[in-house]
Each structure stands twice: as C-alpha cells, then as structure tokens.
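Following: one structure in structure tokens, then a few remarks.
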Amino acid sequence: MHDHRKLGRELGLFDTDPLIGAGLPYWLPDGAAVRHSLEEYIRDQERRAGYWHVYSPVLGKRDLYEISGHWSHYSDDMFPPMDLGGEQVVLRPSLCPHHAVIYRSRSHSYRELPLRMAELGGMYRSEPSGVLGGLTRVRAIQLNDAHIFCTLDQVAGEAQAALEMIRRAYQALGITPARYRLSLPGPGGKYVAAPEMWRRSVALLTQILDRCGLPYEAAEGEAAFYGPKIDVQISDSVGRESTLSTVQVDFHQPERFGLHYIGADGAKHRPVMVHRSIIGSVERAVAHLIEQHGGAFPAWLAPTQLVILPVSDAEVDQAARLAERCADQGLRTDLAGPEHGTLGARIRAARLVPYQAVIGAKEAADDQVALRLRDGRRLNALAASEVLNRISALVDAHRIELWDTDTGA
Ligand SMILES: [Zn+2]
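Start counting the sequence shown at 12; every next residue gets the next number (the working numbering).
Shown next as structure tokens:
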C-alpha cells in the first residue's frame, strides 16, 4: 500500500498551505474530480434508496449542542464557541442535531416512516496539531451522513439496508473492510447514562449483525456518546485501523429533541434515529482510495478516464474531434499530442489512466481507435463510437472491471 500524503501531492490531488492552516487541506482539480464523482455516486445511491437530501448550515447555536448532549459529552473535540451579539455560535461537530430539528419542523404521520434524511455536509473537529496529516486527520470534514427516523420495528430492516449499501459501495470502490466492529460504551463519563436504552440498542445491533451473517468483534469504549454502533474498519498503509462506515441506533436524540410521529392510533409516538454513513468522510474515503489503488482509481473515479494519443501530427485533428465527443459524453479526457514526446513516453506518462486511445493513420482514416487498457491489454482497432459507448457504460455502472470481456472484446 502507498502513503496517501506522498502520493496525493505527487499526483496533484490535494495539498495544504501553512497560511490556510494545518489540517485544512484543499483539493486540486484532479482530486476535486475524484471527490465529485464519489459524492455524485453517494447521492445517486441514496436517491435510489428513497433518501431525501437536505442542506443545513455548518454553524449552530450553543443551545443546540446542549440539547443534543454534544456540549457535555463531546466538547473536547469541538472548536470554542464564537460570541455574536450576546449569542454563542459553534462550528458543528456533527450533523445529527440539525437533522433532528429539520424532522421536528413538520409533523409526521407513521405513514411517512421510515423517513430517510441525507446530507453531504461540513463538520469540524478541533484535532490537536500534533496528529494532523494528509486527508485522514483534518479539522474540516465533509461527512456523508444520513438519519433515518423510523419505528422500532423498522430499525433492523433499515440498518440491514444500510449495511447492504456499504457492501455495494465497497465493491464499486474496490476496497475491502478490515473487519466489522460492534462498538460498545466503556467506563467513564463520556456516555449518556441510560442503561435500559443501551441494553436495547446493543441487542438490536447484535441481532442485525447475526442476521447478516457478518463476523465481528465487540470493542468497549468505541461507541458514540449517545448509542452503540456497527463500525466498518479499514486499515491504512502502515496497518493502522480506522472507521470508514458506520450504522448506529439512537434512542437518545429523539428523546432530547422531543421528536414524535402520529401513529395509526392517532397518538404521538417517539421515532428511533438510525445514523448511517456509507463512506464516512469524503477526506478519509479518498485517502483510503489513494492508498488502496496507488493512484490507479477505478475508471468511474479516475481524474482522467481516457487519454487520446495521436501517433503523429497528421492525426491531431482527428484526436481533437474525438476529445470533443468524449466531453459530450461526459468522459474526462486528455489529449497528449506528439509535442509531449514519443508514443512510448506518452503511454508511460499516462500509466494511471484507465484507457489510452491510440490513433494512427489507419485509425484516423476509418474513425477507429486502437485501445490500450491500463492493465496492459491491447484491443484490436474498434469504431471510436463503440469504444466511447462501452467506456461510458462501464463508468455509468460504476464497474470495477476495465473492460467487459463477455461482450466479445
Ligand atoms: Zn448522526
């Protein structure tokens, strides 16, 4: 595995500047292209699974976090509040309180449940400067978050569906979990005191893990302050483990925010909140993708998906027309002409690009390309339109394979 900090800079994906500050990386165009594709994939999967997307502000009044319990259980990780005309405003340490308030802003019938609310939103953690580095320990985080407001009976089904979304995403991303962890509370005052609530939610999560047939290890002292969670662990280039995805059951915040729905009996009932994240934070997910693939991202994520290589100056016009057709089809393309060196040198320079379309005199005359795949395979010359359609189909389906051998290529 590679070190994402070193490779991220070499490949021009992200960087930091002391003037912006430690733990506050910025994304360069190629990194932004990867991030954009990842965010679009998540939103698309969520839309298909019946989630509603919302936007909420990255700031909130101190009172909001006093109600949620962050203030008393999580303030060590929060930035100090800002005084604004007699009010204290805080950079948010999580999205949950905002989503609870959004749920509460309308009345809900049991028929609307499960109500799945999702947001790719910013949050902040006051990490000490000694631990900051790359994209894994940062102070500004873009979180892939969702909260499912549901009845107790719906919790297991929703949590299982979330685990299935995580499994599918890992397949598309080409990553493998190190292990599943059932994160339980530990000793000390970090956790809300409600023994019955903890007992119920631990029993629920254990049941879900068993039903999914997933092997897991229980770990004390790793729960969220408001409830236990299923964590999907990954390991980095030096074997250090961290949590990427998570599914949590929460009885605490619905209570604190006085959430309810109107049941079939016409009376008010308390919903349960299932917190879930498919890829955790965008920062950590991209860091892991860089390390896992060494910069050779799956085609749907690659900053440049197709490089067009005219053999000589005579094919440059044809190559430029092909580049336009690629752009029309939404493919990220680069044209590397003879001014960038010999064909061999240009092929080596594009070794991380999934597809390399070589255009010689014969291909230019017949509107064909000779396609090379990143893994070294070389295909017979094919019609340019067929090549573009087949690459687009693989990219749109978020396929990890570079080429569909079933269809006879
Ligand atoms: Zn949450």
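Where a beta carbon is used, it is the ideal one built from N, C-alpha and C, also for glycine.
Which one of the options has the shortest CA to CA distance from residue i?
i: Gly250; options: Ala356, Ser140 and Gln303; result: Gln303
i: Ala392; options: Val243, Val380, Thr27 and Tyr181; result: Val380
i: Lys201; options: Ala234, Gly145 and Tyr191; result: Ala234
i: Ala408; options: Ser140, Gln182 and Leu131; result: Gln182
i: Arg54; options: Arg117, Asp156 and Met89; result: Asp156
i: Ser323; options: Val65, Gln340, Glu350 and Arg332; result: Glu350
i: Ser83; options: Gln218, Val203 and Thr217; result: Val203
i: Glu77; options: Arg267, Asp221 and Pro36; result: Arg267
i: Tyr85; options: Glu169, Gly199 and Arg222; result: Gly199
i: Tyr135; options: Val283, Arg148, Glu123 and Pro40; result: Arg148
i: Glu98; options: Ser116, Leu70, Pro108 and His81; result: Leu70
i: Leu49; options: Ala338, Val318 and Ser292; result: Ser292
i: Arg210; options: Asp247, Val101 and Val260; result: Val260
i: Leu270; options: Pro108, Met12, Met89 and Ala330; result: Pro108
i: Asp26; options: His13, Met12 and Ala43; result: Ala43
i: Ser102; options: Ala347, Arg73 and Glu252; result: Note that residue 102 is Leu in the sequence shown, not Ser. Measuring from the Cα of Leu102, the nearest candidate turns out to be Arg73.
Pull the bridge partners of residue i from the DSSP assignment, please.
i: Ser137; result: According to DSSP, Ser137 bridges with nothing at all.
i: Met208; result: According to DSSP, Met208 bridges with nothing at all.
i: Ile177; result: For Ile177, which the question treats as bridged, DSSP gives no partner whatsoever.
i: Glu231; result: Leu195
i: Ile241; result: Leu193 and Val258
i: Ile441; result: The requested residue 441 is not part of the displayed model; the chain covers only 12 to 420.
i: Gln379; result: Ala394
Looking only at its own chain, which residues have a Cβ that is under 8 Å from the Cβ of residue i, when we skip the five neighbours before and after it?
i: Val45; result: Leu24, Val297, Leu300, Phe308, Leu312, Ala313 and Pro314
i: Trp414; result: Leu384, Arg388, Leu390, Arg401, Leu405 and Ala420
How is residue i classed by DSSP in three states: helix, strand or coil?
i: Gly144; result: strand
i: Tyr272; result: strand
i: Ser288; result: strand
i: Ser120; result: strand
i: Asn155; result: strand
i: Gly419; result: Note that Gly419 scores 47 on pLDDT, short of 50, meaning its location in the model is unreliable; the coordinates nonetheless yield the value given after this. Looking at Gly419 - three-state DSSP - the assignment turns out to be coil, as it is neither helix nor strand.
i: Glu51; result: helix
i: Lys279; result: strand
i: Glu412; result: coil
i: Arg150; result: coil
i: Leu476; result: Any answer about residue 476 is impossible in this case: the structure gives the chain only from 12 up to 420.
i: Asp94; result: strand
i: Val100; result: strand
i: Tyr114; result: helix
Once you ignore the five residues that flank residue i on each side, which residues in its own chain have a CB closer than 6 Å to its CB?
i: Thr257; result: Lys240, Asp242 and Ser288
i: Leu363; result: Gly306 and Ala307
Count the other C-beta atoms from every protein chain shown that fall within 10 angstroms of the C-beta of residue i, then say buried if there are 16 or more, exposed otherwise.
i: Ala214; result: exposed
i: His64; result: exposed
i: Gln367; result: buried
i: Glu326; result: buried
Kindly list the residues whose CB is nearer than 7 Å to the CB of residue i, restricted to its own chain and excluding five residues on each side of it in sequence; keep chain order.
i: Gly197; result: Glu231 and Gly232
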